[in-house]
Structure formats: C-alpha cells, structure tokens
Amino acid sequence: MDALLPGTHIDQFIIKGLFYSEGAARLYDVESKESALPLLMKIPKMDPGQSVFGLVSFEMECAILPVLKGPHVPRFVSANPLGIKPYVVMEKVKGIPLIKKVRPQGLTLSEMQEIGAAIANAVHSLHRQDTIHLDIKPDNLILTESNNIVCVDFGFAHHSLLPDLFSDNPGQAIGSTPYMAPEQIEQVRTDPRSDQFAIGVTLYQLATGVLPFGVPVTIKELRQRHWRHPIPLRHLRPDLPEWFQEIIFTCLEPLAEKRFPSTAHLARALVDPSVISITERGQRTRPDSLLQRLIRGFRPTIAVSKVPHFTPSEQVSNVPLITVVIDVEETHPERIKALRYAVLRAMERHPDSHLSALNIIEVALEGAQQNGASERHHKHRILLEHWLRELHVPKERCSAHVIETTDSAQKIIDFAKHNYVDVIILLANQDSNSSFLRVNRSTVTQLVEEAPCSVHVVRPAV
Amino acid sequence: MTRIALFSDIHANLEAFQACEEHALHEKVDQFAFLGDHVGYGPDPERILDRLMQYQDKGHIVLLGNHDEACLTGPQMMSHHAKDAILWTIPRLQPEHFSFISSLPYTHEMAPLLLTHATAHEPERWHYLNTEEEIALSFKASTQPITLAGHVHHQMLYYADQQQTIQSFQPTPGQAIPLSTRRRWAATIGSLGQPRDNNNASQYAIFDDVSNTLTFFRVPYDVERTIYKIYHRGLPPALAERLIKGQ
C-alpha cells in the first residue's frame, strides 16, 4: 500500500505529509481543527506479506497510549483501530531522537550523566504507571529542548492491567535485538528491570558509538549476552571514570536481580556517583581474551531471574527512594531518636531502598557569597554525614545533600520531583518558642500539600 | 454513544442489585443488559423480576438463565441448594412473572457484541464459558467478535492470539480494557448477586461502544441485610454462609 498523499482526509484529520516510515507503520504529520497541537498519525502497514507483529504491536499501542500520562509520553489524541485504515493520533513531540546523538567519539561524561538520568526518570515514570516499554533504544527516546526525555512507540510494551497480546509467542523474542534484555529473549515480559538493560545498551552506544552486543540475528547470537562481557567502556573511552562503567555494566548484568533495584536508583547513581562502590565491573579495561570467551561460552548457563509476581508499580514502590530532612542543629534527644527510628523502620521494611539525607540552610539570597557561608556548608555536611553514619546503613544505600536556599519547602519539593522520591520523612514542628526554624510550620504544611509523594511527619511520643 | 451495564446472575439479591444499579448510573450508563439467572439462591425473586419487567418495558435487554428456566420446568440437574432455592422461589412468583420468564431469549446480538447467559454455542444447554474448548466453540458459533456471558460467577477475559489459541486475562476492577474487534474476545462478567471468588462484593461490567472498552467492577453492598432475609424467609442457611464468604 502506497503512502497517503497530502490533503487526504481521515475522519477529522488532514494528512500534511509523510513524517517517517518504519518497518511496520508509517507516521504522518496531520492537522485537525479540533487541536492546536502538532500531531502525528501512525498507520500500520497492511500490505500482503506484512508481519502479523506489526498489527499486534499497533493494537498494543492503541490500548496502552491512552492510559499513560505525564511529561514522558506523547499525549494521546485519538484512535480508530477498527477502521479500514486504522490509525492512532498523538502529539508530535518537539525534540530530537537520541539516535541523532550517537556518534563515534561519543558524548561527554556530563552529557551522558544528564541524558542518562533523564532516560532513567522517564522510564521510571512508565513503571510507576504499570507499563514496561520493552523497546527502549535511541530511536524511541526523544530529547526535548528542556532536556526532558519522551518515550515513544509502545508497540512492544506490556501494561500489567491490560491483556498482553504478545504473551504467547513460543520461541519468539519480542523487541529490538541489540537492546533486548536476556530475560526478554526467554519471553519474560513482566520485569521492569528489562528496560534498565536497554538503557544500559543505549548509554553504552551514546558513549562509544557502538553496540555492546552488536546486532545479533540468530537466537544463539542473541543469547551471547547471557555470558559474554561487552568490551569495557574504558577500553574504548579511557577518559571515562570507573564509576560510569560500573553503572553501565550494572545495567547490563544478565540477571535482572543484579541490576539497580529500579530505574529511579539508576538515575540517582548517575546524578550522585559518590554512592557507587566500584567493583571488578567498573575496573575492567581489557576485553576478554579468546580463551576467556571460549571458557565462558562453553555450555553457558542461560539463567533468568525469578519472574516478579507484582505489578511494575508495586515492584518499584517496594524499592523506594526515601528522603529525610535533617536539622543538624536539632538537640532534643527524643526528637532525634524519633526521626532516626522512623528512617530505620522505613529502610528495614524495604531492604533495597535508598536514603537521601537533606539538610537545608536558609539564606537571604540564593547564590550570594556570604561571610562564613562555605565554612558553614562544610560544617553541616560533616554533621549530616555523621548523622547518616550513626544509622549504620551501608554507604551505597545513602547520600548526603546540603542545600542552601531561600525557600526550604520549594527546594525539598523540587528535589522530590526531580529524583522521583517515594517518601519524605521529616520532624513535626516543635512549639512556637523553639529555635527550630529550619523546618517551620509553613514548610511542613507546604510539603504535605504540595510534595509529589507521601510525606511522613514524625512526632516523638510524649 | 452507548454505555451498557452488564448485570448477570443477580440471583434474587435486591441489595446487591440496588448497589450496582446506583453504581452503574453514576458511571453514566445508557442501557442495561441482564444476562440471566435473575432468581435462585436469594430472598427477593419477586421484587427483582418486577424491576426487570420495568426495565424490559423501557427497551433494556433481559435474557434467560438456567435458574430462571428452572422456575418454568422445575429444577433439573441442579445442586442440592440450588434445587431447594428454586422450589422455595416458584410458589412466590405470580403468573405475570412466569409469563415474563417464558418470553426471555437465550441470546441477544448487538454488534460487536453477542450477549448470552452461558455460551454462544448451544446457549440452551447451559455450558460454562471457562474452558478452551467451550470458548473456541463460542467463537465459532458467533458472528460477533465479542461474546459476553455470565453463569460462571467469576470475572475473566479470554482472547484469541495470533495462533488462534485461547489466552485468559484476570481483569483489574475499574480498568477499562480496549477490545480490538480485529480479534475474538469472550468475557464472563461475574455474578452480581452471588460472587464466588472469596470476595462478597458484587461483580458487573460496563461495555462502551465508542471506545470499545470493557470495564469490570466490584461493588460492595449490604450483604448482612441479604443474609438476614435468607435466614428469616426460610431459605437454606448454607446459602447465607456462602454469600458472606463469597463462595
């Protein structure tokens, strides 16, 4: 079937031109009197001989796109999956696909940190909506002007509250082969950590311009990622630090349980690499020798992590990012004890959680150099790190942040928003005569009302 | 645009009926379809049939179920408690109730739906739409892509995959599920008056013919009141016990 000509009417939409043609579908720029947004219409190719997957993935996209919300997905406008010419219309996202950022010399470390965290946060937002994308790759990630990532093409996605039309494909792995997680090859479609593997491949590609596992064609080649180490990033890019390789190779672990507990944890690690413990993964600089490859490839184990019983949103909420707001000048022992217990209880309940300890210093003017400001900042950091040490939580499970601001509540809210924090824990206001002014009544009230997550206000028992 | 509320297996449970009716109206339905087994087990057969007669007069769809048919033919091939409940029900019904029941059809077609109490294949034989074989036979028997049924007292969605094998999906209440008519679907919408999945909240579903979505619902109701009536109107006490346990 030929591409549609400009001016063709389909229901209330008018075709402006062909935007893109991919394997199974064509995307057209369209306009409609009912929408001022720039729009794209996706029409599956229905030619004889076209793979049935194309139509099934179109059905999946028509089912999933309307239920997704937020800044990391194109806004759904309309769909007519049953017409003679079935279509789905969505917002045309302004930005560039990340594939255009892939170049032989790779991106700079800071670019990769920023883009990597944005991808991880975007994917985490999907997981929170019970959706696993299962086709994360640079072509399907749009970088907007505001450095936000928008995920497109939900044709292979899984939504745990909707029937999975790909659930029974014996012997057939669904996804893009270079980016597919090992468990996806074994037809597991319910583990959100599969997307993390694809993010790892994407970041490796952005760093080096090459794919860590090449472009496999046969199932035997595909399964090599179960046992084969990719060429170390630092062999190809010696300028990259060990922690960056540690992060990417954690994402590329063949067993999902060895990756980060959630993509929000991955984003945190990229933003704050001080929490990363470097292992042999990060230190590798030489590709495996032929002998090593032969040994590992001889009767390799094709193991897959246990299939999760929970929905993606339940799985990611079981590995929360916890933020505690600490006043390092707090002296009341009962209050200190109550806050510490609350934090410990939350972390014990969720063994794979991560704790960010925030200390807010209120200043008159943000960014202004005040006398003694740097010394005060340093002193607060020492006190904050001491507070964390006394919790006896492993270093890689917590991080300390001293923030100077004119608006405490807004800063905490922004921190929670940007880092996909699941719960904020802070002390309740003491009586009005107290010197406890860092987190005053209006701050607590504003946090409870406006924070994008749960807020646990701790008050010691009288 | 039509939003159709699908009520099945009311089983003479007035409290559950009223709760689901209120819920469905709040969900802005324009039409009701009652998929059979309006009586049996529960303590309010006359009042339920009166309500359904009013609904039918207004153009809503009412189908026949095996417990309704048993009121005409006498209980046959029924469990002990089901039989006792039918024998308790029959003397309470008026001639207009029998006449109403005898007028009810087994199936109703309204593209893209085929509505039935049991199955699309031999609906009068009261097969259960919960095996691969029965679902495949229903797909073959129906010209409509979507078959919606009751009779099973569980909420479940079935569909044919690319190999035409039957897949099942346990729906989550409140989640609208798009049913592409490019493939075959079958659903059992559960029992409004006697759920049997260890949860006594009523089961029903809404089909939206614009978005082609099916949404399953669970609605809590005053089960204690229904149980009180079962005990005090002389129905077998075991029926009250299974109602509260949702069994």
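Here the protein sequences line up with chains G and B, keeping their order.
Here the first sequence is numbered in the numbering used here, starting from 1 and rising by one per residue.
Here the second sequence is numbered in the numbering used here, starting from 463 and rising by one per residue.
Even for Gly, the Cβ is constructed at its ideal location relative to N, Cα and C.
Within chain G, partners of residue i - CB distance below 7 angstroms
| i | result |
| --- | --- |
| F631 of chain B | P163 |
| I639 of chain B | L162 and P163 |
DSSP-derived helix/strand/coil call for residue i
| i | result |
| --- | --- |
| A463 of chain G | With chain G covering 1 to 462 only, the question about residue 463 of chain G has no answer from this structure. |
| M540 of chain B | coil |
| W647 of chain B | strand |
| G17 of chain G | strand |
| H473 of chain G | Chain G is shown from 1 up to 462; residue 473 of chain G falls before or after that span and cannot be answered. |
| F601 of chain B | helix |
| S176 of chain G | coil |
| H133 of chain G | coil |
| L68 of chain G | coil |
| H589 of chain B | coil |
| C453 of chain G | coil |
| I382 of chain G | helix |
| P460 of chain G | coil |
| F631 of chain B | strand |
| Y693 of chain B | helix |
| S664 of chain B | strand |
| R658 of chain B | coil |
| L27 of chain G | strand |
| E390 of chain G | coil |
| M60 of chain G | helix |
| N80 of chain G | strand |
| Q493 of chain B | strand |
| N140 of chain G | helix |
| N433 of chain G | Interpretation of N433 of chain G is limited by its pLDDT of 49, a score under 50 that renders its predicted location unreliable; no figure is taken from the coordinates. |
| Q196 of chain G | helix |
| A557 of chain B | Note on residue identity: the sequence assigns Pro, not Ala, to residue 557 of chain B. Looking at P557 of chain B - three-state DSSP - the assignment turns out to be helix. |
| T8 of chain G | coil |
| Y204 of chain G | helix |
| L468 of chain B | strand |
| D487 of chain G | Nothing about residue 487 of chain G can be reported from this structure: the residues present for chain G run from 1 to 462 only. |
| Q105 of chain G | coil |
Cβ separation of residue i and residue j, assumed to be a contact under 8 angstroms, to the nearest whole Å
| i | j | result |
| --- | --- | --- |
| I463 of chain G | A346 of chain G | Residue 463 of chain G lies beyond the range of chain G shown here (1 to 462); nothing can be said about it. |
| A667 of chain B | L468 of chain B | 5 angstroms |
| I510 of chain B | I548 of chain B | Not really, about 14 angstroms apart at Cβ, beyond 8 angstroms. |
| G527 of chain B | G498 of chain B | 3 angstroms |
| S399 of chain G | D272 of chain G | 5 angstroms |
| G155 of chain G | E61 of chain G | 5 angstroms |
| L270 of chain G | G116 of chain G | 5 angstroms |
| P212 of chain G | L266 of chain G | At roughly 16 angstroms, the Cβ-Cβ gap does not stay under 8 angstroms, so P212 of chain G and L266 of chain G are not in contact. |
Terminal residues of the alpha helix (DSSP H) in which residue i lies
| i | result |
| --- | --- |
| N528 of chain B | N528 to T535 |
| N121 of chain G | L109 to R128 |
| M515 of chain B | P507 to D519 |
| Q315 of chain G | P312 to S317 |
| Q292 of chain G | L290 to G297 |
| Y341 of chain G | P333 to R349 |
Segment limits, beta strand (DSSP E) that includes residue i
| i | result |
| --- | --- |
| T250 of chain G | Careful: T250 of chain G lies outside any beta strand (DSSP E), inside the alpha helix (DSSP H) at E242 to C251. |
| I399 of chain G | Checking the displayed sequence, the identity of residue 399 of chain G turns out to be Ser instead of Ile. Segment C398 to T405, the beta strand (DSSP E) holding S399 of chain G. |
| R680 of chain B | T675 to V681 |
| M46 of chain G | That residue, M46 of chain G, is in no beta strand (DSSP E); it is neither H nor E in DSSP. |
| S356 of chain G | H354 to E362 |
| L576 of chain B | L575 to T578 |
7 angstroms Cβ cut-off: residues of chain B touching residue i
| i | result |
| --- | --- |
| S167 of chain G | Q629 |
| C251 of chain G | Ordered by position in chain B, no residue passes the 7 angstroms Cβ test against C251 of chain G, which lies about 30 angstroms from the chain. |
| E59 of chain G | S642 and R644 |
| A63 of chain G | P640 |
Per-residue contacts from residue i into chain B (C-beta, under 8 angstroms)
| i | result |
| --- | --- |
| E314 of chain G | Simply none; closest approach about 12 angstroms. |
| L55 of chain G | R644 |
Chain-ordered neighbours of residue i on chain B, where CB pairs are closer than 9 angstroms
| i | result |
| --- | --- |
| P308 of chain G | In chain order: nothing, as chain B lies at least about 16 angstroms away. |
Chain C residues whose Cβ lies nearer than 9 angstroms to that of residue i
| i | result |
| --- | --- |
| T551 of chain B | In summary, chain C is missing from the structure at hand, where the protein chains are G and B. |
Chain G contact residues for residue i, given Cβ-Cβ distances below 8 angstroms
| i | result |
| --- | --- |
| T634 of chain B | L161 |
| T464 of chain B | Those within 8 angstroms of T464 of chain B in chain G number zero; the least Cβ separation is about 16 angstroms. |
| L619 of chain B | P163 |
Contacts of residue i in chain G (Cβ-Cβ under 9 angstroms)
| i | result |
| --- | --- |
| N674 of chain B | P81 and L82 |
For this session: Check whether the stretch 1-18 of chain G touches the stretch 26-42 of chain G, counting contact only when three or more Cβ pairs, one atom from each stretch, lie closer than 8 angstroms.
Result: Taking a cut-off of 8 angstroms on C-beta distances, the stretch 1-18 of chain G touches the stretch 26-42 of chain G, as three or more cross pairs fall below it.
For this session: Kindly confirm or deny that the stretch 580-598 of chain B and the stretch 540-556 of chain B touch, where touching means at least three C-beta pairs closer than 8 angstroms.
Result: The stretch 580-598 of chain B, when compared against the stretch 540-556 of chain B, does not touch it at the 8 angstroms Cβ threshold.
For this session: Kindly confirm or deny that the stretch 306-316 of chain G and the stretch 379-398 of chain G touch, where touching means at least three C-beta pairs closer than 8 angstroms.
Result: Counting C-beta pairs closer than 8 angstroms gives fewer than three between the stretch 306-316 of chain G and the stretch 379-398 of chain G, which falls short of the contact rule.
Exercise. How do the stretch 644-661 of chain B and the stretch 63-73 of chain G stand: do at least 3 beta-carbon pairs fall below 8 angstroms, yes or no?
Worked result: No contact exists between the stretch 644-661 of chain B and the stretch 63-73 of chain G.
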